[in-house]
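Protein chains in written order, with this note's numbering: chain A, 1 to 132; chain B, 1 to 132.
Where a beta carbon is used, it is the ideal one built from N, C-alpha and C, also for glycine.
Just below is one structure, and these are the notes that go with it.
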DNA sequence: CTGATAACGATAGCACGTTATCATTATGAA
DNA sequence: TTCATAATGATAACGTGCTATCGTTATCAG
């Protein structure tokens, strides 16, 4: 991983502030590729390696958290959002934030199993993709 | 994928019945590698490609279903188990079945989002791995 | 039992997301 | 403004999980 044995960034480059801005204004978790696409709209010569490097640094600094879904590239979103879960649209493959959570999840675990965290994901079609 | 454009199996080989048996008696979802390890205990010369092929066929026939977790190889379990969810031990990395489900998950979705399915996963330490 | 061939086992090849490399660019302290 | 060097961009290389290939083995209809 870029972040593991790497010094934290020291210089404020155009690329970094643009990438920070992309995640700041994102309405949903973004893959590195999605973030790169948004970045290129502003800095056409920006490379994807820079996005990987910057995202890794932001995760290391605690500004971003990964959002992982099976069979999908990792997405990232701002770490300061309240506890929530995700919805994945099976049509456009985008991932959306849901607000709130559900009680009683821990009760599903058998005795002597210690629950540290949980994830809830809904699958279906988003408002845009609508019913078939 | 092995299963997509492949004819269904016609012969009953030692390997196939052994693999079926492994999943029949498994207490939790198994990766192909785990299933192969169990197979080799009985048929030492068995190759992992056979497990991939057989698992794909069993999925195509509806006997197995995939259990996917981010950043993990796909696991498989019998398709005839009742609706349930999973627990992943962060220490031994094994995945366990939980029984039962939770009400009210659909309510998390925004209006006009259509929910077709959901997944709930708990993370923590299993009874074997215990508290630190 | 025999033989056509399904299936096997070993392993090369592939796809994908990610990381390393390195010549070039541009930041920012002095 | 200068210039040491952090950071970039292009792309090669990597790791992992899975699939294809192909010579060999073993199933099972006849």
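- Closest by C-alpha distance to residue 130 of chain A, when choosing among A/107, A/91, A/96, A/106: A/91
- Within 10 angstroms of the Cβ of residue 4 of chain A, are there 16 or more other Cβ atoms? Answer buried if so, exposed if not. Legend: pLDDT at residue 4 of chain A = 49, less than 50; position of this residue unreliable, no value from coordinates given.
- Query: Would you say residue 81 of chain B reaches chain A, if we count a Cβ-Cβ gap shorter than 8 Å as a contact?
  - Reply: no
- Task: Check residue 74 of chain A in the structure and name its three-state DSSP category.
- Result: coil
- Task: Tell me residue 123 of chain A's beta-bridge partners as DSSP assigns them.
- Result: A/88, B/117
- Going by DSSP, which residues form a beta bridge with residue 97 of chain B? B/86
- Message: Can you tell me whether residue 62 of chain A is buried or exposed? The criterion is at least 16 other CB atoms within 10 Å of its CB, across all chains shown.
- Response: exposed
- Message: Using only the alpha-carbon positions, how far apart do residue 16 of chain B and residue 120 of chain B sit?
- Response: 32 Å
- Assuming residue 26 of chain A contacts residue 77 of chain A under a Cβ cut-off of 8 Å, what Cβ separation, rounded to an integer in Å, is found between them? 7 Å
- Item | DSSP three-state assignment for residue 5 of chain A, whether helix, strand or coil | Bear in mind that a pLDDT of 49 at residue 5 of chain A, under 50, signals an unreliable position, so the model cannot answer this.
- Query: Just curious, the alpha helix (DSSP H) that residue 108 of chain A is in, first and last residue?
  - Reply: Neither: residue 108 of chain A is in no alpha helix (DSSP H) and is coded neither H nor E.
- Item | Beta-carbon proximity of residue 122 of chain B to residue 22 of chain A, cut-off 8 Å | no
- Contact check, residue 134 of chain A vs residue 113 of chain B, beta carbons under 8 Å: Chain A is shown from 1 up to 132; residue 134 of chain A falls before or after that span and cannot be answered.
- Buried/exposed call for residue 14 of chain B, threshold 16 Cβ in 10 Å: exposed
- Item | Local Cβ density within 10 Å of residue 81 of chain B, reported as buried at 16 or more and exposed below that | exposed
- Message: Any beta carbon of chain B sitting closer than 8 Å to that of residue 59 of chain A?
- Response: no
- Item | Under the three-state DSSP convention, the category residue 39 of chain A falls into | helix
- Item | Same chain, Cβ closer than 8 Å to residue 59 of chain B, neighbours up to 5 away in sequence not counted | 3, 65, 66, 76
- Query: So is residue 33 of chain B in contact with chain A if we call contact Cβ pairs under 8 Å?
  - Reply: no
- Item | Minimum Cβ-Cβ distance from residue 90 of chain A to chain B less than 8 Å | yes
- Run the CB neighbour count on residue 47 of chain B, radius 10 Å, all protein chains shown included, and call it buried at 16 or more, exposed below. exposed
- Task: Reducing DSSP to helix, strand and coil, say where residue 31 of chain A ends up.
- Result: strand
- Message: Would you say residue 113 of chain B lies against chain A (beta-carbon separation less than 8 Å)?
- Response: yes
- Given a limit of 7 Å on CB to CB distance, which residues of the region 62-74 of chain A reach chain B? 68, 69, 70, 71
- Measuring only between beta-carbons, confirm whether residue 21 of chain A sits less than 8 Å from chain B. no
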